[in-house]
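Enquirer: The structure that follows is given in the form of structure tokens.
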Amino acid sequence: MEKTAGRRLSHAAYVAETALAFVIGRHWRGIANGGMTQSYRESLDLNSEEYHCRVEGSKNQVAGWQAYTLVLWSIKASVCCFYIRLLDSLWFRRRILFSLALIAATWIAVVLTLLLSCRPLHKYWQIYPDPGELCQPAASRVNIFTLLILNVVTDLYIMSIPIPILLRTTFSPLKKFGLVLLFSGGIFVSIAGVLRCVDMLSDEVNGAQSSASWAVRETFVAVITSNMPMIVPLLRTLSHPFQERLRYLTTLSAGPTPPGNDPAANPAAFKLSGNDPERRQRRRSVFPLTDITVEYNGECIFLEHVESEEKGRIVLESETCGGRISCESTMDLEMLFRRRESEV
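UniProt numbering puts the first residue of the sequence shown at 1, with every later residue one more than the last.
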């Protein structure tokens, strides 16, 4: 029930945030109560379409801020819940619980800043007289910098939880880099948030529309990057049959087996088999044998002598073109020891 409720909340908030961005950009023409001079505000007709669009666009901006914050902070909480299942250490569990408390506290701080920085609340959609910068939802520096700082701080803290574990693993440097990059998706969300704030502050006229567009981009990046640790293993599993098929087709396209790798054409390759039909008619060897193909590609092997046959174990010494090799096996080298068996 908890998972279902959280999933419904996340999906509903994401859809609402996207819908609000579309309404602000298309229906209300991307304008709000900012980007106007005092004389222009005074001359604006209360019954005009522009006045109506600016009032409703400002209201949608306030709702968009709330939905945008809810989406981002719910994604942060879901990532921390994933870390709880992933990391079993008590020390890391305490860090995760602290991060959940930090997420809750910062979300409350952002919401209270949005609701209390402009009082009374209806000034957020006031046109004339000028309500001031604090009451312009698309250009309020207090709201912008509060959300930006708390968003970046929480993202950096969440990313710092799994990275120390990944750096202490015995994986190769390339694999470590890939895992660190996989669990560091929050850095892309932070970059998108910074670009959003810069775009809003640099364009007072179209700040409302750019704010809504960047909010959709940032939440989209947040949804994708937060699910990457779960998506990548799933994609790897789903693509495994295609990889096997591609490997098989690559083998077929390579053509016939090179002469050096063909046991029939390579004098240094020989097959030892216990399923030989002719062998069934002969006396069973004291050394049982399974099907084994021994290939030595590129060098010559010369069996010199058998040192020991005690208790069914055979110690072979062989000489290669590059040195000597010693090996132990419980194989029956019938082709090589037929003469010894006849003597026994």
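Glycine included, every Cβ here is placed at the ideal spot set by N, Cα and C.
Predicted model only: the values in this text are computed from it and were never measured.
(1) Could you tell me how far apart the beta carbons of residue 215 and residue 196 are, in whole angstroms, since I believe they sit closer than 8 Å?
(2) On a Cα-Cα basis, can you pick out the residue from 128, 113, 76 that is closest to residue 45?
(3) Out of 43, 93, 53, point me to the one whose CA is closest to residue 31's CA.
(4) If you measure between the beta carbons of residue 74 and residue 33, is that distance less than 7 Å?
(5) Jot down the residue ranges of each uninterrupted alpha helix (DSSP H) in the region 146-206, minimum 4 residues, whole runs only, in chain order.
(6) According to DSSP, is residue 229 part of a helix, a strand, or is it coil?
(7) I'd like the ranges of any alpha helix (DSSP H) spanning at least 4 consecutive residues and lying wholly in the region 26-96.
(8) Straight-line CA distance for residue 287 to residue 170?
(9) Residues in its own chain within less than 7 Å of residue 126 by CB, not counting five upstream and five downstream?
(10) Tell me the DSSP secondary structure of residue 252 in three-state form.
(11) Taking the C-alpha atoms as reference points, what is the distance between residue 69 and residue 133?
(12) Any Cβ of chain C within less than 7 Å of the Cβ of residue 197?
(13) Would you grab the beta carbon distance between residue 189 and residue 154 for me? Rounded to a whole angstrom, and I think it's under 8 Å.
(14) Taking a contact to mean a Cβ-Cβ separation below 7 Å, would you say residue 166 touches residue 176 in this structure?
(15) Would you mind sorting residue 61 into buried or exposed? The rule is 16 or more other CB atoms within 10 Å of its CB.
(16) Smallest Cα separation from residue 139: which of 150, 124, 82, 151?
(17) State the DSSP-derived secondary structure class of residue 127, mapped to helix, strand or coil.
Expert: Inspection of the coordinates gives the following:
(1) Counting from 1 along the sequence shown, the entry for residue 215 is found at position 215. Counting from 1 along the sequence shown, the entry for residue 196 is found at position 196. With 8 Å as the limit, residue 215 and residue 196 qualify as a contact, their Cβ atoms being about 7 Å apart.
(2) As a first step, residue 45 must be located in the sequence shown, where it is residue number 45. With distances taken between Cα atoms, residue 45 lies closest to 128.
(3) The residue labelled residue 31 in the question sits at position 31 within the sequence shown. Closest in alpha carbon position to residue 31, among 43, 93, 53, is 53.
(4) Here residue 74 refers to the residue found at position 74 when the sequence shown is read from its first residue. Here residue 33 refers to the residue found at position 33 when the sequence shown is read from its first residue. No; because the gap between Cβ atoms is not below 7 Å, this pair is not in contact.
(5) Runs found: 163-167, 173-182, 186-202.
(6) Here residue 229 corresponds to residue number 229 of the sequence shown, with the count starting at 1. Correct three-state label for residue 229: helix.
(7) The alpha helix (DSSP H) runs lying completely inside the region 26-96 and spanning 4 residues or more are 38-43, 49-86, given in chain order.
(8) Position 287 of the sequence shown, counted from the start, is the residue given in the question as residue 287. Position 170 of the sequence shown, counted from the start, is the residue given in the question as residue 170. Its pLDDT being 41, under 50, residue 287 is placed unreliably by the model, and nothing is read from it.
(9) Here residue 126 refers to the residue found at position 126 when the sequence shown is read from its first residue. Cβ-Cβ distances below 7 Å link residue 126 to 33, 135 in the same chain, with the five nearest sequence neighbours on each side left out; the list follows chain order.
(10) Working through the sequence shown from its first residue, we reach residue 252 at position 252. In the displayed model, residue 252 falls within a helix according to three-state DSSP.
(11) Mapped onto the sequence shown, residue 69 falls at position 69. Mapped onto the sequence shown, residue 133 falls at position 133. Cα-Cα distance, rounded: 20 Å.
(12) Protein chains in the displayed structure number just one, and chain C is not present.
(13) Within the sequence shown, numbered from 1, the residue matching residue 189 stands at position 189. Within the sequence shown, numbered from 1, the residue matching residue 154 stands at position 154. The C-beta distance from residue 189 to residue 154 rounds to 10 Å, too long to fall under 8 Å, and the pair is not in contact.
(14) By one-based count along the sequence shown, residue 166 stands at place 166. By one-based count along the sequence shown, residue 176 stands at place 176. Residue 166 is a Cβ neighbour of residue 176, given a cutoff of 7 Å.
(15) Locating residue 61 in the sequence shown gives position 61, counting from the first residue. Classification of residue 61: buried, given that the 10 Å Cβ count is 16 or more.
(16) Position 139 of the sequence shown holds residue 139. The residue with the shortest Cα to Cα distance from residue 139 is 124.
(17) Position 127 of the sequence shown, counted from the first residue, corresponds to residue 127. The answer is coil: DSSP assigns residue 127 none of H, G, I, E or B.
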